[in-house]
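Chemist: Sharing a structure with you now.
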Ligand code: AHM
Ligand code: MG
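Residue numbers (the UniProt record's numbering): 1 to 334.
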């Protein structure tokens, strides 16, 4: 009989990797897992109930919000508030950081940055969406938490993960000791360890980027794209192009199969589209932990100076040798 290990059991088992941990991080991860199950339930039935469509408000970037974005945001914020381990939530859907009342959580020492529902423009057409999260420890526990606690560089992350609401729902996370993936078994309502110790192939044959923006790409990306499309048997080219338009789903596939995901700068968006704090940094941490490479085309994403909560960064994530290759083109052609 095969033994099923649930996310909860796995988290408790792994707590011994952190000798000084008192279980707060474990509880925080458990709370995120619970909230994601609730979001999963709503995403699954989105086609059935009147929850689709614009909610009529705009997020901090002037993008219209779908009802499920709002729902997911509320679920994660409420789980993190009630859980008592989190002092600040930074969310894509909120301009300002959310400070959790220290009377509710007097000992809370973690900051969570979250994109509650990434790729939400895909919901209407029943295509995979995701949640991305990143966890930091407070710089100091003296006095109330401050903005600077939420503006730490990606290297300071203590954990990061994503949930992909796909044909199966999976939660993948790292605490800096490898990457593990859990598939939701709907019959028992538990995430079960299905992908232990995930590792990304060093080489890949899939490239993922929005080629519709080609004319606006930097010259280095244009040249790399041509390289991907050229025929060369020794390097298995041409590569396959795959782009869902949900970063979580695109990266999840590339993590498993090998590949590269690029969201570069464009003429009108010199830092690209994706946000550093709750999209780039958590994904970079996971990809690096899985043996891949994560840069902005020139330097490591995790070393980028975090100056504001919603700052953007060009993103080149994936199999090590593919990212190294595109970096060569970026250096040569910029
Ligand atoms: P969102 O956080 O507003 O959903 O935007 C992020 C999404 C990513 O999941 C995806 O990779 C990208 O936007 C797609 O953008 P584009 O439509 O420009 O290709
Ligand atoms: Mg997003």
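Backbone N, C-alpha and C define an ideal beta-carbon position, used for all residues, glycine too. Keep in mind it's a predicted model, so treat the numbers as computed, not measured.
Please return the same chain residues whose Cβ sits closer than 7 Å to the Cβ of residue 156, not counting the five positions on each side in sequence.
Modeler: Position 156 of the chain shown holds residue 156. Within the same chain, residue 156 has close Cβ partners 136.
Chemist: Taking C-alpha atoms, which residue in 288, 144 and 166 lies nearest to residue 128?
Modeler: The residue labelled residue 128 in the question sits at position 128 within the chain shown. For residue 128, the nearest C-alpha among the options comes from 166.
Chemist: Hey, which residues come within less than 6 Å of the ligand MG, measuring from Cβ to any heavy atom, in chain order?
Modeler: Answer in sequence order: 92, 115, 118 and 279.
Chemist: Given 6 Å as the limit, tell me if residue 120 has its C-beta closer than that to any heavy atom belonging to the ligand AHM.
Modeler: Taking the first residue of the chain shown as position 1, residue 120 is located at position 120. Because some heavy atom of the ligand AHM lies under 6 Å away, the Cβ of residue 120 counts as near it: yes.
Chemist: Are there three or more Cβ pairs, one per stretch, closer than 8 Å when the region 315-329 is compared with the region 195-215?
Modeler: Touching, per the Cβ criterion.
Chemist: Buried or exposed: where does residue 333 fall if 16 or more other Cβ atoms within 10 Å of its Cβ makes it buried?
Modeler: Taking the chain shown and counting its residues from 1, one reaches residue 333 at position 333. Counting Cβ neighbours within 10 Å, residue 333 comes out exposed, since fewer than 16 surround it.
Chemist: According to the Cβ coordinates, are residue 153 and residue 306 closer than 7 Å?
Modeler: As a position in the chain shown, residue 153 is number 153, starting the count at 1. As a position in the chain shown, residue 306 is number 306, starting the count at 1. Yes. Within cutoff.
Chemist: So, with DSSP's three-state summary, where would you put residue 314?
Modeler: Position 314 of the chain shown, counted from the first residue, corresponds to residue 314. Coil at residue 314, not helix or strand.
Chemist: Mind checking residue 336: buried by the 16 CB within 10 Å criterion, or exposed?
Modeler: Residue 336 falls outside the range modelled here, since the chain spans only 1 to 334, and no answer is possible.
Chemist: Relative to the C-alpha of residue 35, which residue among 5, 79 and 18 is closest?
Modeler: Translated into positions along the chain shown, residue 35 becomes position 35. Comparing Cα positions, the closest option is 79.
Chemist: Under 7 Å between the Cβ atoms of residue 329 and residue 264?
Modeler: As a working mapping, residue 329 is identified with position 329 in the chain shown. As a working mapping, residue 264 is identified with position 264 in the chain shown. Contact flag unset, no.
Chemist: DSSP three-state call for residue 87: helix, strand or coil?
Modeler: For this step, residue 87 is matched to residue 87 along the chain shown. DSSP places residue 87 in strand when its eight states are reduced to three.
Chemist: Starting from the Cα of residue 111, find the closest Cα among 299, 122 and 139 and give me that residue.
Modeler: Position 111 of the chain shown, counted from the first residue, corresponds to residue 111. The shortest Cα separation from residue 111 among 299, 122 and 139 belongs to 139.
Chemist: Ignore the nearest five residues each way along the sequence and tell me which others in residue 214's own chain have a CB closer than 8 Å to its CB.
Modeler: Against the chain shown, residue 214 aligns to sequence position 214. Correct list, in chain order: 222 and 225.
Chemist: Quick one: Cα of residue 349 to Cα of residue 12, how far?
Modeler: There is simply no residue 349 to check, as the chain begins at 1 and stops at 334 in what is shown.
Chemist: Whole angstroms is fine: what's the gap from residue 14's alpha carbon to residue 8's?
Modeler: Position 14 of the chain shown, counting from 1, holds the residue named residue 14. Position 8 of the chain shown, counting from 1, holds the residue named residue 8. Each residue's alpha carbon lies about 10 Å from the other.
Chemist: For residue 159 versus residue 141, is the C-beta spacing smaller than 7 Å?
Modeler: To locate residue 159, count along the chain shown from 1; it is residue 159. To locate residue 141, count along the chain shown from 1; it is residue 141. Going by C-beta atoms, residue 159 is not nearer than 7 Å to residue 141.
Chemist: Would you say the beta carbon of residue 2 comes nearer than 6 Å to a heavy atom of the ligand AHM?
Modeler: The residue labelled residue 2 in the question sits at position 2 within the chain shown. It does not: the Cβ of residue 2 is nowhere closer than 6 Å to a heavy atom of the ligand AHM.
Chemist: For a quick check, are the C-beta atoms of residue 39 and residue 164 less than 7 Å apart?
Modeler: On the chain shown, position 39 is the one that residue 39 refers to. On the chain shown, position 164 is the one that residue 164 refers to. For residue 39 and residue 164, no; Cβs fall outside 7 Å.
Chemist: Using 8 Å as the Cβ pair cut-off and three pairs as the minimum, do the region 309-316 and the region 264-275 touch?
Modeler: Result yes; three or more Cβ-Cβ pairs closer than 8 Å.
Chemist: Contact defined as beta carbons within less than 8 Å: I believe residue 33 pairs with residue 171. What is the distance between those atoms, to the nearest angstrom?
Modeler: Indexing the chain shown from 1 puts residue 33 at position 33. Indexing the chain shown from 1 puts residue 171 at position 171. Rounded, the Cβ-Cβ distance is 6 Å, consistent with contact.
Chemist: Residue 301 and residue 284: beta carbons closer than 7 Å?
Modeler: As a first step, residue 301 is located in the chain shown; it is residue number 301 there, counting from the start. As a first step, residue 284 is located in the chain shown; it is residue number 284 there, counting from the start. It is a contact, given that the beta carbons lie within the stated cut-off.
Chemist: Just the Cα atoms here: how many angstroms apart are residue 280 and residue 315?
Modeler: Numbered from 1 along the chain shown, position 280 holds the residue referred to as residue 280. Numbered from 1 along the chain shown, position 315 holds the residue referred to as residue 315. Distance between the alpha carbons of residue 280 and residue 315: 7 Å.
Chemist: Measure how close the beta-carbons of residue 287 and residue 317 come, nearest whole angstrom, since I'm counting them as under 8 Å.
Modeler: Here residue 287 corresponds to residue number 287 of the chain shown, with the count starting at 1. Here residue 317 corresponds to residue number 317 of the chain shown, with the count starting at 1. Indeed they touch by this definition, with Cβ atoms about 5 Å apart.
Chemist: In whole angstroms, what separates the C-alpha of residue 23 from that of residue 178?
Modeler: Position 23 of the chain shown, counted from the start, is the residue given in the question as residue 23. Position 178 of the chain shown, counted from the start, is the residue given in the question as residue 178. Distance between the alpha carbons of residue 23 and residue 178: 19 Å.
Chemist: Around the Cβ of residue 144, are there at least 16 other Cβ atoms within 10 angstroms (buried) or fewer (exposed)?
Modeler: By one-based count along the chain shown, residue 144 stands at place 144. Classification for residue 144: exposed.
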